[in-house]
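Asker: Before I ask anything, here is the structure I am working with.
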Amino acid sequence: MTARGEDRAADQVAAKLREQVQRLFGRSLHIRTIDTGSCAVCESEIRLLAAPHYDLHRLGLFFTPSPRHADLLLVTGPAIRAFDNALEKTYLAMPEPKLVVAVGACPLGGVYHEDAFVHGTLERVLPVDVFIPGCPPSPLALLQGLLLAVGRLAEKVGEISFAEGEVCGR
Ligand code: SF4
């Protein structure tokens, strides 16, 4: 795809993402990132999303340092066993409904295979909702993965409302 074609595709995905975030969440969606030991290139692609060219904030998506304010956990790097505790504590601190998105080939087990130090895939530690493949994934792939994740979160919100309705007899 040419650079211009990629820009057009990114604009279309961004417009859908903004519409979905506003329709489903009314205001904004907050993202906590964890780097378990990436080579920093996936992180750099994520940072590009917040830069003026993609301007993730205009879509209603923000990065937060606190897991207690996060709707979505974005993980880069291999599933290193030494990170189990930090990942589990972060996930448990996030309010429901919550999502986990794994970025790049590393958390898929595509760069470091299972051994004494690495799980292989992040799914062994956390319930991953969306994997965004690539080494690194492009900003367009990241936007598409976030759009998919927002759809999954909408399903979870629906499930929770439905379950509460049943309990309340509505
Ligand atoms: S997936 Fe590739 S670019 Fe991303 S952290 Fe791993 S090695 Fe680096």
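Throughout the sequence shown, residue numbering follows the working numbering, covering 39 to 208 in sequence. For every residue, glycine included, the Cβ atom is placed at its ideal position computed from N, Cα and C. Note that this is a predicted model, so its numbers are computed, not measured.
The ligand SF4 and Pro171: does the residue's C-beta get closer than 6 Å to at least one heavy atom of that ligand?
Answerer: As a working mapping, residue 171 is identified with position 133 in the sequence shown. Flag unset: Cβ of Pro171 not near the ligand SF4.
Asker: Helix, strand or coil for Cys206? Go by DSSP, reduced to three states.
Answerer: The residue you call residue 206 lines up with position 168 of the sequence shown. Any reading at Cys206 needs caution, since the residue's pLDDT is 32, under 50, leaving its predicted position unreliable; the model's value is listed next. Three-state DSSP puts Cys206 in a helix.
Asker: Taking the alpha carbon of Phe121 as the point to measure from, which residue in Gly196, Gly75, Glu193, Arg56 has its own alpha carbon closest?
Answerer: Taking the sequence shown and counting its residues from 1, one reaches residue 121 at position 83. Phe121 has its Cα closest to that of Gly75, out of Gly196, Gly75, Glu193, Arg56.
Asker: Is there a C-beta anywhere in chain B that falls below 7 Å from the one on Leu186?
Answerer: The structure shown has no chain B; it contains just one protein chain.
Asker: Mind reading off the beta-carbon distance from Leu185 to Gln58? Whole number of angstroms is fine, and I expect it under 8 Å.
Answerer: Sequence index remark: in the sequence shown, residue 185 carries index 147 (1-based). Sequence index remark: in the sequence shown, residue 58 carries index 20 (1-based). Leu185 to Gln58, Cβ: 7 Å. Contact.
Asker: Going by the beta-carbon positions, is the gap between Leu87 and Pro177 smaller than 7 Å?
Answerer: Counting from one through the sequence shown, the residue named residue 87 turns up at place 49. Counting from one through the sequence shown, the residue named residue 177 turns up at place 139. The answer is yes: Cβ separation under 7 Å.
Asker: If contact is defined by three or more beta carbon pairs under 8 Å, each pair taking one atom from either stretch, is the segment 124-137 in contact with the segment 96-106?
Answerer: Output reads yes: the segment 124-137 touches the segment 96-106.
Asker: With DSSP as the reference, label Asp167 as helix, strand or coil.
Answerer: Position 129 of the sequence shown, counted from the first residue, corresponds to residue 167. Here Asp167 sits in coil by DSSP.
Asker: Can you say whether Cys80 is buried or exposed, counting buried as having 16 or more other CB atoms within 10 angstroms of its CB?
Answerer: Stepping through the sequence shown from its first residue, residue 80 is reached at position 42. It counts as buried.
Asker: Can you pull every residue whose C-beta falls closer than 6 Å to some heavy atom of the ligand SF4, listed in chain order?
Answerer: Chain-ordered list of matching residues: Ser76, Cys77, Val79, Cys80, Thr114, Gly115, Gly142, Ala143, Cys144, Val149, Cys173, Pro174.
Asker: Answer with buried or exposed for Cys206, where buried requires no fewer than 16 other C-beta atoms within 10 angstroms of its C-beta.
Answerer: Your numbering for residue 206 matches position 168 in the sequence shown. Because the pLDDT at Cys206 is just 32, under 50, the model does not fix this residue reliably, and the value given afterwards should be weighed accordingly. Answer is exposed; the Cβ neighbour count stays below 16.
Asker: Tell me the DSSP secondary structure of Thr114 in three-state form.
Answerer: In the sequence shown, residue 114 corresponds to position 76, counting from 1. Thr114: strand per DSSP, three-state reduction.
Asker: Once DSSP output is grouped into helix, strand and coil, what is the label at Phe63?
Answerer: Against the sequence shown, residue 63 aligns to sequence position 25. Looking at Phe63 - three-state DSSP - the assignment turns out to be helix.
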